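I have placed the structure first, in the form of structure tokens, so that the comments after it can refer back to it.
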Amino acid sequence: MDDSPLIEYYRKRAAQSDDTYGPPEIQKDFAWITAWLRENVADREVVELACGTGHWTQIASAWARSIVASDISWALVHAARKKINSQTVDFVACDAFKLAFSPDRFSCGMAHFLLSHVRRTDVRPFVEMFRRCLKRGSCLLLTDTKWVDGYRKAPFRRDEDGNTYDLRNLKDGSRFEILKNYFTRTEWQEYLASFGTVHIKELDYVWAIKIELIPQ
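Position 193 of the sequence shown, counting from 1, maps to 215 under our numbering, and the rest follow consecutively.
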């Protein structure tokens with residue numbers, strides 16, 4: 023997957039420092055996710071993929087035993103490190119598709135708004151790779167964007183595998199075509215059921231998914 027436009031888009035978007043994290047209408051969902059994270063990361067060793075500027079890292083750090091937060095972009099890792107002053111959090115720059123963490127290292131994995139940027143054919147291999155660094159009895163916490171009719175613009179295009187793409191404009195006038203899939207509850211269950219017990223919470227604008235992983 024050529025993810026360079028996606029990386030550049032999020033790097034440049036992070037520089038728009040006057041932007042809040044999410045529009046006002048989604049804050050109710052985010053409040054629910056905050057409470058959900060508190061319950062599920064408490065006293066766990068957490069690994070986070072695609073941490074971005076560290077919004078969810080900072081929230082989870084209040085309850086997790088430790089967090090290793092990662093992102094492929096050095097610029098985003100640096101931005102997150104500047105935001106978060108916690109002895110429980112370490113930051114690394116790494117490709118989420120080429121993880122170098124040792125097996126059975128963490129007791130919880132989390133990825134926020136990442137799987138929608140993964141090609142449909144790559145979702146299962148990606149989750150399989152992710153869980154390899156997790157201990158027996160661990161959980162995976164995933165959040166992602168839900169399609170809401172009349173709220174979001176229709177995708178710019180769809181490829182032969184059913185992946186959809188959005189056009190995103192930034193304040194500096196730059197435009198990016200990025201991979202952005204919108205999965206249904208049935209699709210989430212289909213992609214994730216083989217990894218363990220899947221709990222899916224459908225919020226107004228967001229999916230929140232917890233997988234209780236079965237032993238490997």
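Just so it is clear, CB atoms sit at the ideal spot from N, CA and C, and this is done for glycine as well.
Just so we're clear, the structure is a prediction, and the values are computed from it rather than from any experiment.
Can you tell which of the options has its C-alpha closest to the C-alpha of residue i?
i       : options                               : result
Leu-156 : Asp-183, Ala-57 and Arg-66            : Arg-66
Ser-95  : Gly-76, Asp-226, Arg-179 and Glu-150  : Gly-76
Ser-92  : Pro-125, Val-63, Trp-58 and Gly-131   : Gly-131
Trp-58  : Trp-229, Pro-237, Ile-236 and Asp-181 : Trp-229
Gly-74  : Val-90, Tyr-32 and Ile-106            : Tyr-32
Arg-146 : Glu-212, Ala-53 and Lys-223           : Glu-212
Glu-70  : Phe-123, Lys-193 and Tyr-173          : Phe-123
Thr-143 : Glu-234, Glu-47 and Glu-209           : Glu-209
Glu-224 : Tyr-173, Ser-26 and Ile-55            : Ile-55
Return the CA-CA distance between residue i and residue j, expressed in angstroms with no decimal places.
i       : j       : result
Cys-116 : Arg-207 : 30 angstroms
His-139 : Glu-199 : 12 angstroms
Leu-214 : Lys-34  : 32 angstroms
Thr-110 : Ser-88  : 5 angstroms
Leu-162 : Asn-191 : 32 angstroms
Asn-203 : Lys-104 : 31 angstroms
Gly-218 : Gly-195 : 44 angstroms
Met-23  : Tyr-187 : Confidence in Met-23 is poor, its pLDDT being 42 and thus under 50, which makes the residue's placement unreliable; the coordinate value appears in the next sentence. Looking at the two C-alpha atoms, the distance is approximately 13 angstroms.
Leu-98  : Asp-183 : 30 angstroms
Gln-148 : Trp-169 : In the sequence as displayed, the identity of residue 148 is Phe instead of Gln. Cα to Cα, Phe-148 sits roughly 22 angstroms from Trp-169.
Lys-232 : Arg-180 : 28 angstroms
Asp-126 : Met-151 : 12 angstroms
Phe-205 : Thr-167 : 8 angstroms
Arg-60  : Gly-44  : 20 angstroms
Asp-112 : Val-90  : 5 angstroms
Lys-175 : Arg-197 : 15 angstroms
Ile-106 : Trp-78  : 11 angstroms
Arg-158 : Ile-236 : 8 angstroms
Glu-30  : Ser-216 : 33 angstroms
Ile-222 : Phe-178 : 28 angstroms
Asn-185 : Ala-101 : 30 angstroms
Glu-47  : Glu-234 : 30 angstroms
Identify every residue that forms a DSSP beta bridge with residue i.
i       : result
Leu-137 : DSSP lists no partner for Leu-137.
Tyr-224 : The identity of residue 224 in the sequence shown is Glu, whereas the question assumes Tyr. In DSSP, Glu-224 forms a bridge with Trp-229.
Ile-200 : Asp-188
Arg-179 : Tyr-187
Under 9 angstroms, do residue i and residue j count as touching if we go by C-beta distance?
i       : j       : result
Leu-164 : Ala-133 : yes
Arg-141 : Leu-201 : yes
Phe-128 : Ser-108 : no
Gln-238 : Arg-154 : yes
Ala-84  : Val-68  : no
Leu-136 : Ala-72  : yes
Asp-226 : Lys-50  : yes
Ala-86  : Val-114 : no
Could I get the ranges of all uninterrupted alpha helix (DSSP H) runs contained in the stretch 76-124, with 4 residues as the minimum, in chain order? 77-82 and 96-105
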